[in-house]
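Chemist: Here it is, the structure, as structure tokens.
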Amino acid sequence: MSDKLKIFDGGRTAFNELIMSSPHYSFLQSYEWGELKSEFGWIPYYVVRDKHNRAFLLLERSVPVIGKSMVYIPHPYIDDGDVELISGFVREDVGAFMVKLEPIHGVNYAWLDSKSVVSGDRVQPKNTLIVDISRDVDEIMENFHRKTRYNIRLSERRGVKVLIENTDEGFSRFYNLLRTTSIRKRFLVHSREYHRRMYEIFSSSGMCAIFNAYFEGILAASIFVVKFGDTAYYCFGGSEPELSRHMPSHLAHFKAMEWAKKEGCLNYDLWGVPEGVDAKHPAYGLYRFKSGFGGELVKRPGAFDIPLDRLRYRVFRVLMMGWNLTKNILVRGRAGDPMGG
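Position one of the sequence shown corresponds to residue 10 (the working numbering), numbered consecutively onward.
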């Protein structure tokens, strides 16, 4: 039997099981992620590698100014031979001008020696902090920074209540707070409809929860968490600055970890931190908050592009450089990305 990629038609559950059978995986490779993206301009390809019986989610999107489509593969587990098979499938079965890969793990870098692979612009954060929640709750908290432990207990003493609100009303409260936080802190968020569909798709599979933290009946913080396999992922969050002294975000994350542990998760991924920051760094506050939970710093390999049509790819890179510069200046007020390269 020849080794190749082919379309997988075994359904949602079987596809997710194949994804989770890899040594490292992410919810960005889940069947549900493909469903979400299919409603917002992407075409999902659920494929499997014959000989290794491993699955990949490929996402195709049209790039009108280029005249062809591109394929993006978020957080795949890449091993020997995968890049060649992916390139062949995309070239012959999809017809895209490039592939963008953001591997979940750097176990095997041999494929990077290929002249067909070049460094690319990342979409996902390169670094993250992952908290081990396999231990008893007391042990989990003991591994937090002492200030984080203090803030969690302070929040409880002041009467902050964290509720899981997987309802339409709970979602609306979450998104409204996320949106106002994004304006205040100058970061991009997707549309209400995008977040609503993400909530609906993942909640219908029992894969997400919204944690709303209230102080005296007023929403003070809200976070959106997805679980996939043995890991829960903090995806989005917002907070009310006038109530931040009550530390609602600290308590919300701790309650999310307790929930994830009860759901059988072993890890809590805080999803994105800058590397090597000091007090002057624009993302220092984010780093200080997340690092207080005592997670292990995990460095992803980064983003890699496979140009299949080099002329179109060069045009695409120039256009993306201009777009990224404009986006950062208009939204963040600075040319660079505070999360680093």
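Heads up, the beta-carbon is just placed ideally off N, CA and C, and yes, glycines get one too.
Go ahead and label N62 buried or exposed: buried means 16 or more other beta carbons lie within 10 angstroms of its beta carbon, across all protein chains shown.
Modeler: The sequence position of residue 62 within the sequence shown is 53, counting from 1. Burial call: exposed.
Chemist: Could you round the C-beta distance between A312 and E111 to whole angstroms and report it? I think they count as a contact, below 8 Å.
Modeler: Residue 312 sits at position 303 when you count from the first residue of the sequence shown. Residue 111 sits at position 102 when you count from the first residue of the sequence shown. The pair is a contact, with the Cβ atoms about 5 Å apart (cut-off 8 Å).
Chemist: What are the boundary residues of the beta strand (DSSP E) that includes F224?
Modeler: As a first step, residue 224 is located in the sequence shown; it is residue number 215 there, counting from the start. Taken as a continuous stretch (DSSP letters only), the beta strand (DSSP E) holding F224 covers 217 to 224.
Chemist: For G104, does the count of other Cβ atoms within 10 angstroms reach 16, so buried, or fall short, so exposed?
Modeler: Within the sequence shown, residue 104 is the residue found at index 95, counting from 1. Per the 10 Å Cβ criterion, exposed.
Chemist: When the Cα atoms are used, what is the spatial distance from P85 to S31?
Modeler: Sequence index remark: in the sequence shown, residue 85 carries index 76 (1-based). Sequence index remark: in the sequence shown, residue 31 carries index 22 (1-based). Using only the alpha carbons, I get a separation of about 9 Å.
Chemist: Compare the beta carbon distance of F352 and V57 with 8 Å and say whether it is the shorter of the two.
Modeler: Given a span of 10 to 350 for the chain in the structure shown, any question on residue 352 remains unanswerable.
Chemist: Taking 7 Å as the limit between beta carbons, can you name the residues of its chain near N25, skipping five residues before and five after?
Modeler: Walking along the sequence shown from the start, residue 25 turns up at place 16. Same-chain partners within the cutoff: S39, Y40.
Chemist: With C-beta atoms as the reference, is I219 less than 8 Å away from L252?
Modeler: For the purposes of this step, residue 219 is taken as residue 210 along the sequence shown, with counting starting at 1. For the purposes of this step, residue 252 is taken as residue 243 along the sequence shown, with counting starting at 1. No, Cβ-Cβ distance for I219 and L252 is not below 8 Å.
Chemist: Tell me the DSSP secondary structure of A344 in three-state form.
Modeler: Position 335 of the sequence shown, counted from the first residue, corresponds to residue 344. Residue confidence is low: A344 scores 49 on pLDDT, short of 50, so the model does not pin down where it sits. No coordinate-derived value is stated.
Chemist: Thinking C-alpha only, which one of G50, R319, D91 is nearest F65?
Modeler: Within the sequence shown, the letter at position 56 stands for residue 65. Closest by alpha carbon: D91.
Chemist: Taking C-beta to C-beta, are H154 and G301 nearer than 8 Å?
Modeler: As a working note, residue 154 is residue 145 in the sequence shown. As a working note, residue 301 is residue 292 in the sequence shown. Taking 8 Å as the Cβ cut-off, H154 and G301 qualify as a contacting pair.
Chemist: Could you pull the DSSP bridge partners for W51 from this structure?
Modeler: Numbered from 1 along the sequence shown, position 42 holds the residue referred to as residue 51. Its beta-bridge partners are R70.
Chemist: First and last residue of the alpha helix (DSSP H) that includes Y159?
Modeler: Numbered from 1 along the sequence shown, position 150 holds the residue referred to as residue 159. That run of the alpha helix (DSSP H) goes 155 to 166.
Chemist: Can you name, in chain order, every residue of its own chain whose Cβ lies under 7 Å from the Cβ of M330, other than the five neighbours on each side?
Modeler: As a first step, residue 330 must be located in the sequence shown, where it is residue number 321. Within the same chain, M330 has no close Cβ partners at all.
Chemist: On the three-state DSSP scale, how would you describe I139?
Modeler: Here residue 139 refers to the residue found at position 130 of the sequence shown. Note: I139 maps to strand in three-state DSSP.
Chemist: Rounded to a whole number of angstroms, what is the C-alpha to C-alpha distance between A23 and S35?
Modeler: Within the sequence shown, the letter at position 14 stands for residue 23. Within the sequence shown, the letter at position 26 stands for residue 35. Taking the straight line joining both Cα atoms gives about 16 Å.
Chemist: By alpha-carbon positions, which one of N175, R182, P83, A292 ends up nearest to G215?
Modeler: Locating residue 215 in the sequence shown gives position 206, counting from the first residue. When only C-alpha atoms are compared, the closest one is N175.
Chemist: I need the straight-line Cα distance from Q133 to E165, nearest angstrom please.
Modeler: Within the sequence shown, residue 133 is the residue found at index 124, counting from 1. Within the sequence shown, residue 165 is the residue found at index 156, counting from 1. About 33 Å.
Chemist: Within the same chain, show all residues whose beta-carbon is closer than 7 Å to that of G304, passing over the 5 residues directly before and after it, in chain order.
Modeler: Walking along the sequence shown from the start, residue 304 turns up at place 295. Excluding sequence neighbours, G304 sits near L138, I139, V140, L279.
Chemist: Which of the three DSSP states is assigned to I210 in this structure?
Modeler: Numbered from its first residue, the sequence shown carries residue 210 at position 201. Correct three-state label for I210: helix.
Chemist: Skipping 5 residues on each side, what residues in its chain have a beta carbon closer than 7 Å to that of P257?
Modeler: Locating residue 257 in the sequence shown gives position 248, where the first residue counts as 1. The residues are S164, V169, A222, F224, A229, A230, S248.
Chemist: Report the residue ranges of all beta strand (DSSP E) runs contained in full by the stretch 238 to 288; include only those spanning at least 3 residues, in chain order.
Modeler: Correct list: 240 to 248, 276 to 278.
Chemist: Please go through the same chain and pick out, in chain order, the residues whose beta-carbon is closer than 6 Å to the beta-carbon of I161, but skip the five residues on each side of it.
Modeler: Here residue 161 refers to the residue found at position 152 of the sequence shown. Cβ neighbours of I161 beyond the five flanking positions: H259, L260, F263.
Chemist: Which whole-angstrom value describes the C-beta separation of L68 and K46, a residue pair presumed to lie in contact below a C-beta threshold of 8 Å?
Modeler: Along the sequence shown, one-based indexing puts residue 68 at 59. Along the sequence shown, one-based indexing puts residue 46 at 37. Going by Cβ atoms, the distance from L68 to K46 rounds to 5 Å, so yes, they are a contact pair.
Chemist: Give every residue of the same chain whose Cβ lies closer than 6 Å to the Cβ of V127, excluding the five residues on either side of it in the sequence, and list them in chain order.
Modeler: As a working mapping, residue 127 is identified with position 118 in the sequence shown. Closer than 6 Å at the Cβ level, and outside the excluded window around V127, lie D314.
Chemist: Is the beta carbon of F237 less than 8 Å from the beta carbon of F245?
Modeler: Locating residue 237 in the sequence shown gives position 228, where the first residue counts as 1. Locating residue 245 in the sequence shown gives position 236, where the first residue counts as 1. Cβ atoms of F237 and F245: not closer than 8 Å.
Chemist: Determine the contact status of I95 and H33, defining contact as a CB-CB distance below 8 Å.
Modeler: Against the sequence shown, residue 95 aligns to sequence position 86. Against the sequence shown, residue 33 aligns to sequence position 24. Contact: no.
Chemist: For V324 and I75, which I take to be in contact (beta-carbon distance under 8 Å), what is that distance rounded to the nearest angstrom?
Modeler: On the sequence shown, residue 324 is found 315 positions in, with the first residue counted as 1. On the sequence shown, residue 75 is found 66 positions in, with the first residue counted as 1. Yes, V324 and I75 are in contact; Cβ-Cβ is about 6 Å, under 8 Å.
Chemist: With C-beta atoms as the reference, is D12 less than 8 Å away from D59?
Modeler: Indexing the sequence shown from 1 puts residue 12 at position 3. Indexing the sequence shown from 1 puts residue 59 at position 50. Against a cut-off of 8 Å, the Cβ pair of D59 and D12 comes out as a contact.
Chemist: Quick one: what's got a C-beta closer than 7 Å to G179's C-beta in the same chain, skipping five residues either side?
Modeler: Taking the sequence shown and counting its residues from 1, one reaches residue 179 at position 170. Excluding positions up to five away in sequence, the list reads I219, N221.
Chemist: Going straight from the alpha carbon of R21 to that of A241, what length do you get?
Modeler: Here residue 21 refers to the residue found at position 12 when the sequence shown is read from its first residue. Here residue 241 refers to the residue found at position 232 when the sequence shown is read from its first residue. Cα to Cα, the separation comes out at about 19 Å.
Chemist: I believe M150 touches Y322 by the beta-carbon criterion, under 8 Å. Please report the beta-carbon distance rounded to the nearest angstrom.
Modeler: The residue given as residue 150 occupies position 141 in the sequence shown. The residue given as residue 322 occupies position 313 in the sequence shown. Between Y322 and M150 the Cβ distance is about 49 Å, and since that is not below 8 Å, they are no contact.
Chemist: Starting from E86, follow the beta strand (DSSP E) in both directions and report where the run begins and ends.
Modeler: As a first step, residue 86 is located in the sequence shown; it is residue number 77 there, counting from the start. The question names Glu, yet the displayed sequence has Tyr at residue 86. Element bounds for Y86: n/a, residue is neither H nor E.
Chemist: Nearest-angstrom Cα distance between L27 and Y184?
Modeler: Counted from its first residue, the sequence shown places residue 27 at position 18. Counted from its first residue, the sequence shown places residue 184 at position 175. Going by the C-alpha atoms only, they are around 32 Å apart.
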